[in-house]
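Reviewing the structure listed below.
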Amino acid sequence: MEASDQDLVARVQSGDHHAYRYLVERYSRGVFRLAYRMTGSEQDAEDIVQESFLKAFRQMHRFESRSGFGTWLYRITANCALDFLRLRQRHAEATGEMPGLTSAEPAPDRLTYSSELRLGIADALGTLSPQERAAFVLRHYQGCGIQEIAGSLNLSETAAKNTVFRPVQKLRRHLEPLCATMTRTN
Amino acid sequence: MRHYDQDELTLLYYGEAGADGHLGRCLECQEQMKQLSATLDRVREWPVPLRPADYPTQVWEALAPQIGLSRKRRAFPWLGAGAAIAAMLVLAFQLGRHTAPGPAATRVADPSVGERIRDAAIGDHLEQSRFVLAELANANGNDAMELSAGRRRASELLQQNRLYRQTAALSGMGQVEDTLEDLERLLVELSHASDTSGPQVILHLRKRIEQQQLLFRVRILESQFRHKLQSKEDNL
Ligand SMILES: [Zn+2]
Chain A
-10 MEASDQDLVA
0 RVQSGDHHAY
10 RYLVERYSRG
20 VFRLAYRMTG
30 SEQDAEDIVQ
40 ESFLKAFRQM
50 HRFESRSGFG
60 TWLYRITANC
70 ALDFLRLRQR
80 HAEATGEMPG
90 LTSAEPAPDR
100 LTYSSELRLG
110 IADALGTLSP
120 QERAAFVLRH
130 YQGCGIQEIA
140 GSLNLSETAA
150 KNTVFRPVQK
160 LRRHLEPLCA
170 TMTRTN
Chain B
485 MRHYDQDELT
495 LLYYGEAGAD
505 GHLGRCLECQ
515 EQMKQLSATL
525 DRVREWPVPL
535 RPADYPTQVW
545 EALAPQIGLS
555 RKRRAFPWLG
565 AGAAIAAMLV
575 LAFQLGRHTA
585 PGPAATRVAD
595 PSVGERIRDA
605 AIGDHLEQSR
615 FVLAELANAN
625 GNDAMELSAG
635 RRRASELLQQ
645 NRLYRQTAAL
655 SGMGQVEDTL
665 EDLERLLVEL
675 SHASDTSGPQ
685 VILHLRKRIE
695 QQQLLFRVRI
705 LESQFRHKLQ
715 SKEDNL
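If you read the protein sequences in the order shown, they are chains A and B.
Residue -10 is where the first sequence starts when you use my numbering, and the numbers rise one by one after that.
Residue 485 is where the second sequence starts when you use my numbering, and the numbers rise one by one after that.
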């Protein structure tokens, strides 16, 4: 039988660092997905995966099992990614380069998925501020509630709501004309 | 009769608000909701690049040495023989190129091989340094163990760093040289920190990393080297 997250966390907390391996292996794909959706870049996502697991390990003594380990870990990942996006934005502003929030990297093609729309989504996500992107990814892909997002990103509930609303508005403005064109040409 | 606005529909879409019956009665709001749902549903399909089957093991193997467990596999496969050998090759290659007389072909059979070794060595060094910086940036400042492990690694990295900084200078890689120079100062300070200097030192170093955006710069350079190597390998 597989050990539960709770058992593994307890083992790590009591000094059995090898037990952390099972948690890392269990969550590595999920953490990557979250990091990729936040950054739009495979390489940056990989770095954030490492940073998140390292940070979680270092903070393990502070973890209490009120929330699940996964929830806690994803919150750490979201914040690592958010820090990264902010830094990237500041760096871009300082050097006058493109903010680089969009995903230029090709993702694997899906038969049912138009590459045009895929780029459209990446573009639209690229127009979001780091915080908006974090909030939207947490709400839309991770299924976090507004309250949870407020807690993760240190926002009031109203601010968290607005930080989800704005991306939805921007995505619709970007994508709906594109979808309309595609429907007409198909 | 008041219709739902876009934000209210968004809350409904995410199940953050209960419908009050209006939606069931109002065709206009139903149409709005249909459009919003269609767009957001499509966004949900945005694909994430696939990871290899052994991805979880890879993640662990890269992480393990950072938390004091078994050695990692190298992210830069060129360095199978170890960083020290690579470092010697790098220097030999660079010095040969800049000091030895005669046509280049007699010194290095294929200059691109030398460049690849050099780039792999620097890339690997940047990766190792990034681990130390990330650890420092995440340190909570009251753990003497963290400081002593970081200090040991810093003095190991310091030797390499000097070599690569010189190499970068000789190769006209200004950006690399700048970053390695800032990195070197930090490594010197970290390697000289004593166990008794405690949390202030960590705080001070962390502040420096932030001010100089050092972690970020190292990360950017590292990914540039990685891309460069990747495209060279693709062209082989
Ligand atoms: Zn209505």
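We treat Cβ as the ideally placed atom computed from N, Cα and C, and that holds for glycine.
These numbers were taken from a predicted model, which means no experiment stands behind them.
Since residue i contacts residue j with CB under 8 Å, what's their CB separation in whole angstroms?
i	j	result
Asp603 of chain B	Leu713 of chain B	6 Å
Asn645 of chain B	His609 of chain B	7 Å
Thr523 of chain B	Arg15 of chain A	Not really, about 33 Å apart at Cβ, beyond 8 Å.
Tyr25 of chain A	Pro533 of chain B	7 Å
Glu668 of chain B	Arg692 of chain B	The pair is not a contact, with the Cβ atoms about 12 Å apart (cut-off 8 Å).
Leu547 of chain B	Val20 of chain A	Actually they are not in contact, since the Cβ atoms of Leu547 of chain B and Val20 of chain A sit about 11 Å apart, beyond 8 Å.
Ile164 of chain A	Ala113 of chain A	Just to set this straight, residue 164 of chain A is Leu in the shown sequence, not Ile. Confirmed, Cβ separation roughly 6 Å.
Ile433 of chain B	Phe709 of chain B	Residue 433 of chain B lies beyond the range of chain B shown here (485 to 720); nothing can be said about it.
Ala652 of chain B	Glu640 of chain B	19 Å between Cβ atoms; not a contact.
Ala81 of chain A	Ile37 of chain A	18 Å between Cβ atoms; not a contact.
Thr494 of chain B	Val(-2) of chain A	With 8 Å as the limit, Thr494 of chain B and Val(-2) of chain A do not qualify as a contact, their Cβ atoms being about 35 Å apart.
Asp(-4) of chain A	Gly57 of chain A	13 Å between Cβ atoms; not a contact.
Leu670 of chain B	His6 of chain A	The Cβ separation is near 27 Å, so there is no contact.
What residue range does the alpha helix (DSSP H) around residue i cover?
i	result
Asn68 of chain A	Phe58 to Thr84
Ile110 of chain A	Ser104 to Gly115
Ala501 of chain B	Segment: none, Ala501 of chain B is in no alpha helix (DSSP H) and carries neither H nor E.
Trp722 of chain B	With chain B covering only 485 through 720, there is no way to say anything about residue 722 of chain B.
Pro119 of chain A	Pro119 to His129
Gly4 of chain A	Gly4 of chain A -> no alpha helix (DSSP H), and no H or E assigned at all.
Asp36 of chain A	Glu31 to Arg47
Let me see if you follow: with CB-CB separation under 8 Å, is residue i close to chain A or not?
i	result
Ile606 of chain B	no
Pro549 of chain B	no
Gln503 of chain B	Sequence check: residue 503 of chain B is Ala here, not Gln. Ala503 of chain B does not count as touching chain A.
Asn622 of chain B	yes
Arg710 of chain B	yes
Glu661 of chain B	no
Glu673 of chain B	no
Thr494 of chain B	yes
Ala546 of chain B	yes
Pro540 of chain B	yes
Gln612 of chain B	no
Tyr488 of chain B	no
Val543 of chain B	yes
Measuring only between beta-carbons, confirm whether residue i sits less than 8 Å from chain B.
i	result
Phe42 of chain A	yes
Glu53 of chain A	no
Gln2 of chain A	no
Glu14 of chain A	yes
Val(-2) of chain A	no
Asp36 of chain A	yes
Gln39 of chain A	yes
Leu71 of chain A	no
Glu229 of chain A	The requested residue 229 of chain A does not occur in the structure, where chain A is confined to residues -10 to 175.
Ile110 of chain A	yes
Spatial neighbours of residue i within its chain, please: CB distance less than 8 Å, with the 5 preceding and 5 following residues excluded, ordered by chain position.
i	result
Leu496 of chain B	Tyr488, Ala503, Leu507 and Met517
Ser521 of chain B	Tyr497
Ala621 of chain B	Arg690, Ile693, Glu694 and Leu699
Gln490 of chain B	Gln516 and Leu520
Go through its chain and collect everything with a Cβ distance to residue i's Cβ below 7 Å, but skip five positions before and after it.
i	result
Arg703 of chain B	Arg614
Ser145 of chain A	Ala139
Thr663 of chain B	Arg701, Val702 and Leu705
Say whether chain D places a C-beta atom closer than 8 Å to the C-beta of residue i.
i	result
Ser17 of chain A	Here chain D cannot be found, since the structure's protein chains are A and B.
Leaving out five residues before and five after residue i in sequence, what residues of the same chain have Cβ atoms less than 6 Å from its Cβ?
i	result
Ala149 of chain A	Ile135, Ile138 and Ala139
Ile65 of chain A	Ser41, Lys44 and Ala45
Original post:
Looking at chain B, which residues of the region 135 to 146 of chain A have a Cβ within less than 7 Å of any of its Cβ atoms?
Top reply: Those would be Ile135, in chain order.
**OP:** Identify each residue in the region 680 to 696 of chain B for which the Cβ-Cβ distance to at least one residue of chain A is less than 8 Å, and report them in chain order.
**Re:** Identification of residues in the region 680 to 696 of chain B having a C-beta nearer than 8 Å to some C-beta of chain A yields an empty set.
**OP:** Report the residues of the region 515 to 538 of chain B with a CB closer than 8 Å to any CB of chain A, ordered along the chain.
**Re:** Going along the region 515 to 538 of chain B in chain order, one finds Gln519, Leu520, Ala522, Thr523, Leu524, Arg526, Val527, Arg528, Glu529, Trp530, Pro531, Val532, Pro533, Leu534 and Arg535 with a Cβ nearer than 8 Å to chain A.
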